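Okay, structure first, notes after.
Protein chains in written order, with this note's numbering: chain A, -1 to 345; chain B, 216 to 529.
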């Protein structure tokens, strides 16, 4: 053990290192935001065109920021749901199924009740969230009561969800064309569509849950050491159940935003959410072994992934290369935001 | 026999229950020729799952297997004319290198395998898209039959695919149970810190485990491309989750150190039987995914040996 009081210099060094690690995701994000305009500048410089760095950038513009915001929003909310679970040291892979079911439930009820927000059809919104919470609750039950590791339990629940969505839609697409609902995308305040602000509200709610409620603190306690949490009188099973229910609710909000973005609900609505959201959570600096990180990290992680994706398109990187570059940059981001001195191994 | 010893057979028991259910519903299931055909069809998935077993056995995960297999289908198709059977060597080498590099990133750069293998999968995907020129390629039939036609032959009623699976299974089993490397794998899976303390070169062992996973994924990809007589960057999609499911449902939990390659045999058969059951029980196509998920939960609830999860289920 290190005697902290006897070695203040060492403590100081540790603190600053900790601080760097803590802010690493934000540093990576800033570096990326400055990097893509640099490429644009270099291209124009080579071609001999006039180009003021950042000012003339197509990437570094409000329009493009709105574009990144739109693409990042549903993934952000889904990733926030997953963050709570990962803080507990578990994992939730049910998002693809849950998102599909919630999207389909919302769309069919919405159409069934009149198809416009100005009628009773708005009830489809809370109903879809209840559906998400229920799937999350069942997920938690399977995990906690049947003692199935969350990886497996949530993967299977995800299959069930996708199956349920397929059963409800019979493979069809449901279009949601109500202008009031689509205002999520079409109505803009200060250049950003409404859905971005809604996502920010849910981000604040998540932050409140994480830092200002007992449940939020308990997630960290369970993630920091489950046996210890149990020994200190926490009802770990209940916390886990609540965590999965909460995650399911956030997945359903993500589903609603996804439908708002494309105007279509179908079995495939949930596709790709799983790997993108888990990657974003990890890139943001939330450790898969639990106890570290939080929703702000996830915001940084989601933005990193979306900035990379968007930036590659803007600078005109060939299509086939984009996957590889994303992969390499994700590894780099994780390497930079991992405190390698505090862990002895990863799995 | 004590109750403790019976736990080993939980996956077999699950398999037996499932088979009995289908058998009662439709005795035609037990037709031997049909059964052999069914099992032969699932060989590529089994090989992929066999490799995955090593990684899950040490407590990691390999999410790159499907993309490595995709890449290999493209490599095989493109270079079959140049190298003939030698293309298999290239494929296996590529698979091993991809796996080993994921292992390197995981152990030396401290990137969790969930992310490192996912990212390496993206690299494989890009390579496959580049090499195939974003098209679905097909093989020259004569060349295919000359070099790899033997894979689909029969000897005494046994399809050669099954024989290949058997040989690989034997090798994997031998590696896991009869070599120091196998014992080291178990040590790493059961407790990495203890393994380090007892002087094992843990990093090297883990990198090798990922390398094995990549190698077997490449062999699975080779079989795909020969079977489908072509290759493209998306041909094996859908097999990643199934191969993970096959390993887990066989009783090798993600915590590591428990289970093994024989469990994966059972796990793959369970996945096969659930899939086949839906055809035999005439379940509507729109309901199959739902039923698959529910039966999977039941199967895993029956299968996993909870006594070795050390109290905490994460």
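Each residue gets a CB set at the ideal place from its N, CA and C atoms; glycine is no exception. Since we're looking at a predicted model, the values are computed, not measured.
Legend: CB atoms of the stretch 503 to 516 of chain B lying less than 8 Å from CB atoms of chain A belong to residues 503, 504, 505, 506, 507, 508, 509, 511, 512, 515, 516. Taking 9 Å as the threshold, the shortest C-beta distance from residue 343 of chain A to chain B falls below it.
At least one beta carbon of chain B lies nearer than 9 Å to the beta carbon of residue 317 of chain A. Excluding sequence positions up to five before and after residue 476 of chain B, its CB lies within less than 7 Å of the CB of 265, 268, 384, 387, 388, 391, all in the same chain and listed in chain order. Residue 415 of chain B has a beta carbon lying at 9 Å or more from every beta carbon in chain A. Measuring C-alpha to C-alpha distances from residue 303 of chain B to each of B:440, B:325, B:382, B:395 identifies B:440 as the nearest. Against chain B, the beta carbon of residue 150 of chain A has neighbours under 7 Å at 463, 515, listed in chain order.
Against chain A, a Cβ distance below 8 Å from residue 335 of chain B picks out 325. Contact of residue 272 of chain B with chain A is not assigned, every C-beta pair being separated by 9 Å or more. With the criterion set as a beta carbon lying under 8 Å from some beta carbon of chain B, the members of the stretch 153 to 170 of chain A are 153, 154, 155, 156, 157, 158, 159, 160, 161, 162, 164, 165, 168, 169, in sequence order. Spatial neighbours of residue 315 of chain A in its own chain (CB-CB distance under 7 Å, excluding positions within 5 residues in sequence) are listed in chain order as 323.
In the three-state DSSP reduction, residue 370 of chain B falls in the strand class (E or B).
Contacts between residue 469 of chain B and chain A, judged by CB atoms closer than 7 Å, involve 147, 149 in chain order. Residue 467 of chain B and residue 517 of chain B have their C-alpha atoms spaced approximately 13 Å apart. Among the residues facing chain B, residue 277 of chain A is included, as its CB has a counterpart in that chain under 9 Å away.
Pairing residue 131 of chain A with residue 105 of chain A gives a Cβ-Cβ distance that is not under 9 Å.
For residue 289 of chain B, the nearest beta carbon of chain A is not closer than 9 Å to its own beta carbon. When DSSP assignments are scanned along the stretch 357 to 416 of chain B, the uninterrupted stretches of alpha helix (DSSP H) that are 4 or more residues long and fall wholly within it turn out to be 375 to 393, 395 to 405, 407 to 412. According to the DSSP assignment, residue 224 of chain A belongs to the alpha helix (DSSP H) that extends over 224 to 229. Residue 90 of chain A has a beta carbon lying at 9 Å or more from every beta carbon in chain B.
By the beta-carbon neighbour count (other beta carbons within 10 angstroms, threshold 16), residue 90 of chain A is buried.
The DSSP-derived three-state label of residue 351 of chain B is coil. Looking from the CA of residue 417 of chain B, the closest CA among B:427, B:401, B:510, B:513 belongs to B:401. Counting every other CB atom within 10 Å of its CB across the protein chains shown gives residue 221 of chain B a total below 16, marking it as exposed.
For the pair residue 306 of chain A and residue 345 of chain A, the Cα-to-Cα distance works out to about 26 Å.
Neighbours of residue 232 of chain A in chain B, taken as residues whose beta carbon is under 8 Å from its own, are absent, since the nearest beta carbon is some 13 Å off. At least 9 Å separates the CB of residue 286 of chain B from every CB of chain A. The secondary-structure analysis by DSSP pairs residue 173 of chain A across a beta bridge with A:262.
At a cut-off of 9 Å, the C-beta of residue 420 of chain B has no neighbouring C-beta in chain A. Interface flag for residue 495 of chain B against chain A is unset, since no Cβ pair is found closer than 9 Å.
Here residue 369 of chain B is exposed, its C-beta having fewer than 16 other C-beta atoms within 10 Å.
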